[in-house]
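The working numbering puts the first residue of the sequence shown at 2, with every later residue one more than the last.
Just so it is clear, CB atoms sit at the ideal spot from N, CA and C, and this is done for glycine as well.
Notes for the one structure printed next.
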Amino acid sequence: MLIHKFKQGNEYYVLDVNTGSLHIIDRLVYDILNESALESQDEVIKRLKDIYHEDEIKEAYDEIMQLIEDEELYTKDHYEEIARKSLEGISHIKALCLNVAHDCNLKCTYCFAKEGEYKKGKRSIMTFEVGKKAIDFIIERSGPRKNIEIDLFGGEPIIAFDVVKKIVDYAKEREEEYNKNIRFTLTTNATLLTDEIMDYLDKNIGNIILSIDGRKEVNDKIRKRADGKGSYDIIMPKIKKMVSRRGSKRQYYIRGTFTAENLDFYDDVMHLVENGFKEISIEPVVLPPDNKLAIKYSNLEKIFEEYDKLTEEMKNRKNTDGKFKFYHFAIDLEGGPCIYKRISGCGAGHEYISITPEGDIYPCHQFIGNEEFKIGNIMDGSFDFSIGEEFKKAHVYNKPKCQTCFAKFYCSGGCQANNYNFNGDIHIPYDIGCKMQMKRIECALALKSNELI
């Protein structure tokens, strides 16, 4: 596929897949274009002569030919050879998910981490010794990279707050010694936030991710406390307080999940907006098909309608105080990730790894407990970096399904963990996830082009 044409709202668009060139077009041009190849002018006239005047068709066809000459439509893929060469050689780790707590004080029914236990069947907290080793490990393995990202994750990382502080303080000492810039992100369910903890997070954590699913009835049906009661009334005031401390200059975002039982997630997004939040991500749950909360093919039409509603809402709020960011619609048309990033995605297993409280290393947090993908352990120095090489090669050019997909340079072949969990192979994309991603990308492209007008 060389181009992708689509309709979003009342407007028509065409994307040149290999350059990322996006054009807002009229219905005539939309009808002329064919996604695989442009027909001859005579073929187009014959096909459309009963709908449009011949002179109109010829004029539009000439404009299309000019775009082709300018290499803005139907361009060939010039990246494959460059991309394959760029993925050769030694990888340097740039990001680390540090699972400081395999424990949680909530019982969210969709949680892939099984209330913090993952697949281990036990709860555990990272010791400072393991945390130190993890910091030393990523500094050593980062090579010439100056910037390092560390996600403090769980379970619920605030359960291990004393360890978190020690790890952050140690990282600050080491980054000065080795001329690195270590930036921390922390994901929390907000239940344990106090003024003291919020002060520390605000001063020391670059990005804070705060979990809530939206409306009270939606959140409380899923995100339950240990006593079976909902968490909304506890967390909403704390999240508001944390966000107010961040102000407009420090990063945060609200992270929620929608399931098959709350497909009207547009209302959850708007509930969060009405509560003053500007940085929002509500994402589809990923669960086995037999789970009642799992997204099914039959849900897609409703999900797409919700994305359409969000797109129109964001368009209407452009240049107003009520505008907000929906992270799944965030695309940079003028720059964006380099081609290396576009084909290889998050870099799980070779640029990004996850470390458990026991020091075990996995390609990412969603592979934890799957011994087939265990890379090693930082405490005993055992490593199998061939696993990382396998993930490194699992880029879009080595995923057959991606070759005919317009979205390949935006989604980078999908989540490797989802691919494996649904298909038993990191090279086969998770199909429902693909379909939702393609729709989100169309919405995102439409929104971004609207901003640039």
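The three-state reading of DSSP puts A418 in helix, counting H, G and I together. Of the other Cβ atoms in all chains shown, 16 or more fall within 10 Å of the Cβ of P285; this residue is therefore buried. Within the same chain, Cβ atoms closer than 6 Å to the Cβ of I160 are found at A102, D104, the five residues on either side in sequence being excluded. Annotated three-state conformation of R28 is helix, per DSSP. In this model, I58 and N19 are separated by some 26 Å (Cα to Cα). Within the same chain, Cβ atoms closer than 8 Å to the Cβ of L311 are found at Y267, V270, F327, F330, C444, the five residues on either side in sequence being excluded. Around the CB of A349, 16 or more other CB atoms lie within 10 Å, so the residue is classed as buried.
Judged by DSSP secondary structure, F129 falls within the alpha helix (DSSP H) whose first and last residues are 129-142. Note that the stretch 184-192 touches the stretch 234-249; at least 3 beta-carbon pairs, one per stretch, sit closer than 8 Å. Taking a C-beta distance under 8 Å as the contact criterion, Y254 and S282 qualify as a contact pair. Inter-residue distance for E150 and N300 is about 35 Å (C-alpha atoms, whole angstroms). The closest CA to that of L99, considering only S345, C435, A172, K77, is found on A172. The C-alpha of K440 is placed about 9 Å away from the C-alpha of D309.
For G144, the CB contacts under 7 Å within the same chain, skipping 5 residues up- and downstream, are H93 in chain order. A contact is defined here as three or more CB-CB pairs under 8 Å, and the stretch 208-224 fails this definition with respect to the stretch 173-183. If you draw a straight line from the Cα of Y75 to the Cα of L202, it is about 49 Å long. The alpha-carbon separation between K409 and L107 amounts to approximately 36 Å. Distance from the CA atom of E177 to the CA atom of F129, rounded to whole angstroms, is 20 Å. Per DSSP, reduced to three states, the secondary structure at S450 is helical. One alpha carbon belongs to A395, the other to V164, and they sit about 35 Å apart. Within a 10 Å sphere around the beta-carbon of R142 sit 16 or more other beta-carbons, which makes this residue buried. Under the three-state reduction of DSSP output, G257 falls in the strand class. Here Q417 is buried: its Cβ has 16 or more other Cβ atoms, across all protein chains shown, within 10 Å.
The continuous beta strand (DSSP E) containing S355 extends over residues 353-356. Minimum Cα-Cα distance from I304 among the listed residues D322, F259, K316 corresponds to F259. Taking 4 residues as the minimum length, the alpha helix (DSSP H) runs contained wholly in the stretch 199-223 are 217-223, in order along the chain. A straight-line Cα-Cα distance of about 10 Å links M437 and Y298. In summary, P158 is buried, with 16 or more beta-carbon neighbours lying within 10 Å of its beta-carbon over all protein chains present.
If you draw a 10 Å sphere on the C-beta of S345, you find 16 or more other C-beta atoms in it, and that means buried.
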